[in-house]
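S.K.: This is the structure I have questions about; it appears just below.
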Amino acid sequence: MDLQSAWAVAAKDFKIFKRKSTVIYACIAIPLVVGIAFPLIVQYALHLGSGHGITALTVPRYMDAFSVWFLIGAAIIPATIASYSLVGEKIQKSLEPLLATPMTDGEILLGKTISGLVVPLAAIYAGSVLYMSLMDLVTQSTLGYLYYPNWHMGAILLVAPLICLLSVELNIIISSRIDDVRTAQQMGMLAAFPFIGLYVASEVGFFAFSDTNLLILAGIILVIDIVVFFVSRVTFQREEILTKWK
Amino acid sequence: MIDTENLTKKFGNLTAVESLTLHVNDGEVFGFLGPNGAGKTTTVRMLCCLISKTSGTARIGNYEIGNRSDQQKIRRMVGLLTENVGLYEELSAYDNLDFYGRFYKLDLQKRKEQIEYLLKMLGLWEKRNVTAGTFSKGMKQKLAIARALIHDPQVLFLDEPTASLDPEAAKTVREFILELKKEKRTIFLNTHLLDEAEKICDRVAILNTRLIATGTPQELRRSMSGRKIKVQLQRVDDIIVEAVKKIGFQISEVTNNSLLIDVNDPEKENPAILKAIEAAGGHVQFVTEVGSTLEDVYLKIVKG
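Going down the list, the sequences are from chains A and B. Numbered per this note's numbering, the first sequence spans residues 42 to 287. Numbered per this note's numbering, the second sequence spans residues 1291 to 1594.
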């Protein structure tokens, strides 16, 4: 496995992403909303006063709930990026010249996985730093202590890359059957549904994003990642791509 | 340089290429002709190790197609211009070439030199920092050829290099291929443009799933239609026609002032024909050899 070749594929994708405003917006929208808007909402709700807003003691519960949005983002953002990366190559018909190089299928796949992972993860981690900093300002002023960093956020940021990876791998499989970026994105976003479901379940009290549950979730997603990796590896083969990909 | 023997590719029940046996010499420009769906692109893809063969053998240089350990070596020694240029339209011409140069382990300096050489040779150096998406079709095609040559391959596969180009751009690309020919590179040219094949190729093969014919364009023309001469006369009459037939020649076409005569070796036979015509009272104005074009041969072969 030549990592330099794989990195060259990823670096080329990064250059292309920089020129696509839709990719940039897709990357920053969720981290910005969660990172800035949610702390502002909490701050605003605290100042509404008793009877209308939230109390200082319930702030940590809201913070934990909002932080789950980073997991949902981890499923949605790579779907957008990976769609441009793979379906974009299909549309431009640039896969065949790429496949004619000495690179192995695995190196190309790794390059595509890196490009689909790095940008969304960077956006999510940057958003989470922003979120933790602003929320700490809120807790410092209302509770008198800094809530972040804590193990809960640590667990969230541990699960996030696994979800990102799952989303990228699913997109590789989806891209083999789809030749339209938007459709691939929409289908890729289905990967976010289980996490939205868990979020709703946590809000109605059927599930808790406790540290333990997050670690169990990480284990389950890791197993799914491995299974989906092998499926995507089978899908991403030269002959398959040239003769069976639509 | 390229050898295939009974090379076959099937997609399920569909046979795309059947028992293809051919030999391409080192430094030769070999034209691969055939109608759409004849299996030309499938053959190139097999030879570039992009898809597997179903049966038969094929070699490029000393490497065997289908041998797992030889695949990367073959990809290193061949350059492929795909039917669709497949450039990264958001990247500059320079970045497009630089990206591909990395996969062939060219160091930065070598990449720079090779990119500069190719872009200058193709007249694109001034546009090196312009995004490929803004290029005309001809410029894109030239850039795609440069991409195929970035690692200075010994064997170059060109799949329909001038298809969908306007005549001027097609001429530029053809001239560039002729330049490459001077470098004694082995070029495998897939085309359905017979005029192009005739101008560029040393030898051609006609494929329609199976290999139908192979040879130099001249050999193919002769083998399919023989040779003919057209004798222009002041006036043609029955006595002249009979005189020609009497010395053993077939006449394909008679008009009131010309004869189209089938010959085997016009250099030797023409004097006897002219002597017979003159003796029959004919006044010869001029004699020309009429060869059928490669297009005639192709249509005759492909349409059975």
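Where is the CB? At the ideal position from N, CA and C, for every residue including glycine. These numbers were taken from a predicted model, which means no experiment stands behind them.
On a Cα-Cα basis, can you pick out the residue from B:Asn1303, B:Leu1297 and B:Val1319 that is closest to B:Thr1311?
M.R.: Among B:Asn1303, B:Leu1297 and B:Val1319, the Cα nearest to that of B:Thr1311 is on B:Leu1297.
S.K.: With distance defined between alpha-carbon atoms, name the residue in B:Glu1486, B:Val1544, B:Ala1570 and B:Ala1533 nearest to B:Leu1584.
M.R.: B:Glu1486
S.K.: Please report the residue range of the beta strand (DSSP E) in which B:Gln1540 lies.
M.R.: B:Gln1540 -> no beta strand (DSSP E), and no H or E assigned at all.
S.K.: Give a yes or no on whether the minimum CB-CB distance between A:Gln133 and chain B is below 8 Å.
M.R.: Cβ-Cβ to chain B under 8 Å: yes for A:Gln133.
S.K.: For the beta strand (DSSP E) that B:Ile1477 lies in, which residues bound it at each end?
M.R.: Where B:Ile1477 is concerned, the enclosing beta strand (DSSP E) stretches over Thr1476 to Thr1481.
S.K.: How far does the beta strand (DSSP E) with B:Asp1293 in it extend, from its first residue to its last?
M.R.: Ile1292 to Phe1301
S.K.: Kindly indicate if chain B contains any beta-carbon less than 8 Å away from that of A:Thr180.
M.R.: no
S.K.: Got a sec? Which residues, its chain only, sit under 8 Å from B:Ile1530 by beta carbon, not counting five neighbours each side?
M.R.: Leu1523, Leu1549, Ile1567, Ala1570, Gly1571 and Gly1572
S.K.: Determine the chain A residues that contact B:Gly1413 at a beta-carbon separation under 7 Å, and present them in chain order.
M.R.: Ordered by position in chain A, no residue passes the 7 Å Cβ test against B:Gly1413, which lies about 21 Å from the chain.
S.K.: Below 8 Å on the Cβ atoms is my contact criterion, and I expect A:Asn212 with A:Gly229 to pass it. Report the Cβ-Cβ distance as a whole number of Å.
M.R.: 5 Å
S.K.: I need the DSSP call for B:Tyr1353, collapsed to helix, strand or coil.
M.R.: Taken through DSSP and simplified to helix, strand or coil, B:Tyr1353 comes out as strand.
S.K.: I need the DSSP call for B:Arg1358, collapsed to helix, strand or coil.
M.R.: helix
S.K.: Considering A:Thr154, what are the terminal residues of the beta strand (DSSP E) in which it resides?
M.R.: Counting along the chain, A:Thr154 falls outside any beta strand (DSSP E), though it belongs to the alpha helix (DSSP H) covering Asp146 to Thr183.
S.K.: Give me the residue from B:Ile1341, B:Arg1366 and B:Thr1344 with the minimum Cα distance to B:Tyr1353.
M.R.: B:Arg1366
S.K.: Please state whether DSSP places A:Ser46 in a helix, a strand or coil.
M.R.: Of the three classes helix, strand and coil, the one that applies to A:Ser46 here is helix, per DSSP.
S.K.: In chain A, what lies closer than 8 Å to B:Phe1393 by C-beta?
M.R.: Ser46, Ala49, Thr142, Pro143 and Met144
S.K.: Using a Cβ-Cβ cutoff of less than 7 Å, which residues in the same chain neighbour B:Asp1316 once the five nearest sequence positions on both sides are dropped?
M.R.: Met1291 and Thr1476
S.K.: Excluding sequence positions up to five away, which residues of its chain have a Cβ less than 6 Å from the Cβ of A:Ala225?
M.R.: Ser124, Val128, Ile215, Ser216 and Ile219
S.K.: Is the Cβ-Cβ distance between A:Leu158 and A:Val222 less than 8 Å?
M.R.: no
S.K.: Run through chain B and tell me which residues come within less than 7 Å of A:Leu283, C-beta to C-beta.
M.R.: Arg1335, Leu1340 and Ile1341
S.K.: Hey, B:Leu1412 and B:Ile1440: beta-carbon distance below 8 Å or not?
M.R.: no
S.K.: To which residues of the same chain is A:Val64 closer than 7 Å at the C-beta, ignoring the five residues directly before and after it?
M.R.: Phe58, Thr121, Ile122 and Tyr125
S.K.: Distance check for A:Val268 and B:Arg1358, CA to CA, integer angstroms please.
M.R.: Near 26 Å, if we compare the C-alpha coordinates of A:Val268 and B:Arg1358.
S.K.: Looking at the unbroken beta strand (DSSP E) that takes in B:Leu1371, where does it start and where does it end?
M.R.: Its beta strand (DSSP E) spans residues Val1368 to Leu1371.
S.K.: Using the beta-carbon of each residue, which ones in chain B are nearer than 8 Å to A:Ile57?
M.R.: Tyr1378, Glu1380 and Leu1381
S.K.: For the ligand MG, any of its heavy atoms closer than 7 Å to the Cβ of A:Ala123?
M.R.: The ligand content of the structure shown is nil, which means the ligand MG is not present either.
S.K.: What span of residues does the beta strand (DSSP E) with B:Asn1498 cover, start to end?
M.R.: For B:Asn1498, the uninterrupted beta strand (DSSP E) segment begins and ends at Arg1493 to Asn1498.
S.K.: Is the beta carbon of A:Leu198 closer than 8 Å to that of A:Val262?
M.R.: Sequence inspection shows Ile at residue 262 of chain A; the Val mentioned does not correspond to that position. Against a cut-off of 8 Å, the Cβ pair of A:Leu198 and A:Ile262 comes out as no contact.
S.K.: So the alpha helix (DSSP H) B:Lys1558 belongs to, where does it begin and stop?
M.R.: Pro1556 to Ala1569
S.K.: Using a 10 Å radius around the Cβ and a threshold of 16 neighbouring Cβ atoms, would you call B:Gln1361 buried or exposed?
M.R.: Of the other Cβ atoms in all chains shown, 16 or more fall within 10 Å of the Cβ of B:Gln1361; this residue is therefore buried.
S.K.: Along the chain, where does the beta strand (DSSP E) that runs through B:Asp1449 open and close?
M.R.: Looking at the DSSP string, the run of the beta strand (DSSP E) that includes B:Asp1449 is Val1445 to Asp1449.
S.K.: When burial is assigned at 16 or more other CB atoms within 10 Å of the CB, is B:Leu1387 buried or exposed?
M.R.: buried
S.K.: If contact is defined by three or more beta carbon pairs under 8 Å, each pair taking one atom from either stretch, is the stretch 1480-1497 of chain B in contact with the stretch 1535-1550 of chain B?
M.R.: no
S.K.: For B:Val1553, report the span of its alpha helix (DSSP H) as first-last.
M.R.: Looking at the DSSP string, B:Val1553 is not in any alpha helix (DSSP H); the run it does join, the beta strand (DSSP E), is Ser1548 to Val1553.
S.K.: Please tell me whether A:Ala233 and A:Ile117 are closer than 8 Å, where the distance is taken between their beta carbons.
M.R.: yes
S.K.: Using a Cβ-Cβ distance under 8 Å, would B:Thr1372 count as near chain A?
M.R.: Chain A, which has a Cβ nearer than 8 Å to the Cβ of B:Thr1372, makes this yes.
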